[in-house]
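Peer 1: In full-length UniProt numbering, the protein residues as written are 1 to 420.
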Amino acid sequence: MRIATQQQFSNAINNMQRNQQTLSKTQEQISAAKRVLKPSDDPVAAAQIAKLERELAQYDKFKTNIDVTRRRLELEETILTDINVALDRMRELTIQAGNATLSDSDRVTIAKELREMASYSASLMNTKDSQGEYLFSGSKGLTKPYELMPDGRYQFNGDGGQRMIQVSSDLLVPSNDSGELLFEAVGRRLVVNPEGEARDMVASVSFDSKADEDRFRSFSAGLRDLQLSLELTADAPANEYAYRLRDSGGNLIAEVDNLSDGDFPVEIELEGLKIALQQPTPALNLATNPQADVVLNIRSEQKSLIDVALDFAEILERPKTPENAKELEEMTAKTLADFVTAAERNLEVRTALGARQNALDRVESSNEEFTLFTKTTLSSIQDLDYATAITEFKMAEVTLQAAQATFARVQNLSLFDYLR
Numbered sequence: 001m002r003i004a005t006q007q008q009f010s011n012a013i014n015n016m017q018r019n020q021q022t023l024s025k026t027q028e029q030i031s032a033a034k035r036v037l038k039p040s041d042d043p044v045a046a047a048q049i050a051k052l053e054r055e056l057a058q059y060d061k062f063k064t065n066i067d068v069t070r071r072r073l074e075l076e077e078t079i080l081t082d083i084n085v086a087l088d089r090m091r092e093l094t095i096q097a098g099n100a101t102l103s104d105s106d107r108v109t110i111a112k113e114l115r116e117m118a119s120y121s122a123s124l125m126n127t128k129d130s131q132g133e134y135l136f137s138g139s140k141g142l143t144k145p146y147e148l149m150p151d152g153r154y155q156f157n158g159d160g161g162q163r164m165i166q167v168s169s170d171l172l173v174p175s176n177d178s179g180e181l182l183f184e185a186v187g188r189r190l191v192v193n194p195e196g197e198a199r200d201m202v203a204s205v206s207f208d209s210k211a212d213e214d215r216f217r218s219f220s221a222g223l224r225d226l227q228l229s230l231e232l233t234a235d236a237p238a239n240e241y242a243y244r245l246r247d248s249g250g251n252l253i254a255e256v257d258n259l260s261d262g263d264f265p266v267e268i269e270l271e272g273l274k275i276a277l278q279q280p281t282p283a284l285n286l287a288t289n290p291q292a293d294v295v296l297n298i299r300s301e302q303k304s305l306i307d308v309a310l311d312f313a314e315i316l317e318r319p320k321t322p323e324n325a326k327e328l329e330e331m332t333a334k335t336l337a338d339f340v341t342a343a344e345r346n347l348e349v350r351t352a353l354g355a356r357q358n359a360l361d362r363v364e365s366s367n368e369e370f371t372l373f374t375k376t377t378l379s380s381i382q383d384l385d386y387a388t389a390i391t392e393f394k395m396a397e398v399t400l401q402a403a404q405a406t407f408a409r410v411q412n413l414s415l416f417d418y419l420r
């Protein structure tokens, strides 16, 4: 078999290039400390590496979310603690205002401090986090929750939402609490308004005590649309009247019969609710229309923590008279109850904040364990075995040197050397 000189040179060069590539690849692997440098090195391993790196990137994002959420919760807890201190002071002022020996000027002084505490509380409720978002505006992070209006009152511009942040594959944690939950539904009042053409028949609707209001609230909660119908019938010749009170389903729940002109005003009592009725006016024209209806619209009104303080301050700023003494007494009791409700809700939310922070600690620990497991798996697939790599490097180096030495000797072999 004849070997051409060109073939001999080509084989030698190809052999040295292959050895040089092997040596160069091994050098790159040792330098990068990676076994797989590109997908073609090991397609199956490259696919697994890409998947594990995505998981690690996801856990890095979870860690960032946990850090952000923890900072927000810690800030919220601090603010709520400060608001609770303000609440304690407002309760002290309310108890102090209930002292019957105080003068009008004393009550005005208390009212001024209440207004200051309300403004201070509003400033705390408008706190921003490190990212410039408001803590207590619900899902409207860039909307200022409490805006001071021209009348000196504060308007809530947030909503009842919570911003949920994902801290693990299957867990989202609220990173804030809305002012609607914390501060807006502190004072709760049951309001009963007469509505309709004959509403003037109702002189007043009232409760003698908070216990009566609670009793009627419990009773009216069973009514479908929370409305009562007040029906008036008249026997024109005898000038006698009968009042019948029905619920929204038409069921009779109270009635007063055989009333004459001299019996008015008359009062109907229903589960703590007192309805004072007065004699029908001629404008109702009962002679032609012997029945007139009044709808008692029942609704629950909510007052914010700030409004509770400001409403009580307004009452205290009025001079005390025998006529408004009872109103002041009732308002003092209601205000104190509202502040107690606010303090209880504050404590409840701070307890929930502590539970969320504990949950973040547990999730963070679990994520760290998953991250370590993923990194270990990734290392076993991707990282280089230095002992094996260095051995292969030395072998490739020796092979290359041998190829080079062999070529140096073989390149001079020619028939012309024998013709000299």
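Built from N, CA and C at the ideal position, the CB exists for glycine as well.
For the structure I just gave you, are there three or more beta carbon pairs, one from the segment 166-183 and one from the segment 345-363, closer than 8 Å?
Peer 2: Judged by Cβ distances under 8 Å, the segment 166-183 makes contact with the segment 345-363, as three or more pairs qualify.
Peer 1: Using the Cα positions of serine 139 and arginine 189, report the straight-line distance between them to the nearest angstrom.
Peer 2: Within the sequence shown, residue 139 is the residue found at index 139, counting from 1. Within the sequence shown, residue 189 is the residue found at index 189, counting from 1. For serine 139 and arginine 189, the distance between alpha carbons rounds to 27 Å.
Peer 1: Measuring alpha carbon to alpha carbon, tell me which of Thr281, Asp263, Ala111 and Val363 ends up nearest threonine 335.
Peer 2: For the purposes of this step, residue 335 is taken as residue 335 along the sequence shown, with counting starting at 1. Of the candidates Thr281, Asp263, Ala111 and Val363, the one whose C-alpha sits nearest the C-alpha of threonine 335 is Ala111.
Peer 1: By the 10 Å Cβ neighbour count, where 16 or more other Cβ atoms means buried, how is proline 194 classified, buried or exposed?
Peer 2: For the purposes of this step, residue 194 is taken as residue 194 along the sequence shown, with counting starting at 1. Burial call: buried.
Peer 1: Quick check: the Cα distance between threonine 75 and leucine 124, rounded to an integer number of angstroms?
Peer 2: Start at 1 with the first residue of the sequence shown, and residue 75 comes out as number 75. Start at 1 with the first residue of the sequence shown, and residue 124 comes out as number 124. The amino acid occupying residue 75 in the given sequence is leucine; threonine does not appear at that position. Between leucine 75 and leucine 124, the C-alpha separation is close to 11 Å.
Peer 1: Straight-line CA distance for valine 85 to threonine 78?
Peer 2: One-based indexing of the sequence shown puts residue 85 at position 85. One-based indexing of the sequence shown puts residue 78 at position 78. Taking the straight line from one Cα to the other gives about 11 Å.
Peer 1: Compute the Euclidean distance between the alpha carbons of alanine 236 and tyrosine 243, then round it to the nearest angstrom.
Peer 2: For the purposes of this step, residue 236 is taken as residue 236 along the sequence shown, with counting starting at 1. For the purposes of this step, residue 243 is taken as residue 243 along the sequence shown, with counting starting at 1. Low confidence applies to alanine 236: its pLDDT is 48, below 50, so where it sits in the model is not reliable, and the reading given next is rough at best. Roughly 15 Å between the two C-alpha positions.
Peer 1: Just to check my reading of the structure: leucine 305 and serine 121 have Cβ atoms closer than 8 Å, yes? What is that Cβ distance to the nearest angstrom?
Peer 2: The sequence position of residue 305 within the sequence shown is 305, counting from 1. The sequence position of residue 121 within the sequence shown is 121, counting from 1. Between serine 121 and leucine 305 the Cβ distance is about 6 Å, and since that is below 8 Å, they are a contact.
Peer 1: So what's glycine 354 in DSSP terms, helix, strand or just coil?
Peer 2: Residue numbering aside, residue 354 sits at position 354 when the sequence shown is read from its first letter. Glycine 354 falls in the helix class under three-state DSSP.
Peer 1: Return the CA-CA distance between alanine 57 and valine 173, expressed in angstroms with no decimal places.
Peer 2: What you label residue 57 is simply residue 57 of the sequence shown in a count that begins at 1. What you label residue 173 is simply residue 173 of the sequence shown in a count that begins at 1. Roughly 20 Å between the two C-alpha positions.
Peer 1: Count the CB pairs spanning the segment 359-367 and the segment 99-107 that are closer than 8 Å, and state whether there are at least three.
Peer 2: At 8 Å Cβ cutoff, the stretches do not touch.
Peer 1: Three-state secondary structure (DSSP) at serine 248?
Peer 2: One-based indexing of the sequence shown puts residue 248 at position 248. Note: serine 248 maps to coil in three-state DSSP.
Peer 1: Under three-state DSSP, which class holds glutamine 58?
Peer 2: As a working note, residue 58 is residue 58 in the sequence shown. Glutamine 58 falls in the helix class under three-state DSSP.
Peer 1: Between the alpha carbons of glutamine 155 and threonine 376, how many angstroms are there, rounded?
Peer 2: Here residue 155 is taken as the residue at index 155 of the sequence shown, counted from 1. Here residue 376 is taken as the residue at index 376 of the sequence shown, counted from 1. Taking the straight line joining both Cα atoms gives about 55 Å.
Peer 1: From glycine 141 to glutamate 213, what distance separates their C-alpha atoms?
Peer 2: Stepping through the sequence shown from its first residue, residue 141 is reached at position 141. Stepping through the sequence shown from its first residue, residue 213 is reached at position 213. Approximately 37 Å, taken between the alpha carbons.
Peer 1: Does DSSP put arginine 189 in a helix, a strand or coil?
Peer 2: Walking along the sequence shown from the start, residue 189 turns up at place 189. Reduced to three states, the DSSP call for arginine 189 is strand.
Peer 1: If you drop the 5 nearest sequence neighbours on each side, which residues of the same chain put their C-beta closer than 8 Å to that of methionine 1?
Peer 2: In the sequence shown, the residue the question calls residue 1 occupies position 1. For methionine 1, the predicted structure reports a pLDDT of 49, less than 50, and the residue's modelled location is therefore unreliable. A value from the coordinates is still provided. Correct list: empty, nothing qualifies.
Peer 1: For a test of the three-state rule: what should DSSP assign to aspartate 151, helix, strand or coil?
Peer 2: For this step, residue 151 is matched to residue 151 along the sequence shown. Of the three classes helix, strand and coil, the one that applies to aspartate 151 here is coil, per DSSP.
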